[in-house]
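What follows is a set of notes on a single structure, which appears directly below.
Residue numbers (the working numbering): 1 to 94.
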């Protein structure tokens, strides 16, 4: 059966051209994987949902959510804030 989400990515794209695809049905797992890929500076290719590529605003929204979660976690740790303070001060929520 076709998984809901598929993400194509390349780890260390400057040295590697092998594209890996991760399949999952869990949207939280997608966010976590995108966060990991952003932090590791991997090349994120295509994100598909139900076999159709996400384009434009949908694609950007998935990456924006992952980037905001990374920024929130960094602010929480670096400034020793709680999540409500990060949301109030920076408009970011975990």
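Glycine included, each C-beta is placed from N, C-alpha and C at the ideal position.
Practice item. Would you please state the rounded distance, in angstroms, between the beta carbons of residue 6 and residue 21? I believe it to be under 8 Å. Key: About 6 Å separates the two Cβ atoms, so the contact holds.
Point to revise | Residue interval of the beta strand (DSSP E) (run including residue 7) | key: 5-10
Review point. Hey, is residue 73 close to the ligand NAP, as in C-beta under 7 Å from one of its heavy atoms?
Key: Absence of the ligand NAP is noted for the structure shown, with no ligands found whatsoever.
Check your understanding: Quick one: what's got a C-beta closer than 7 Å to residue 59's C-beta in the same chain, skipping five residues either side?
Key -> 47
**Study point:** Under the three-state DSSP convention, the category residue 51 falls into
**Key:** coil
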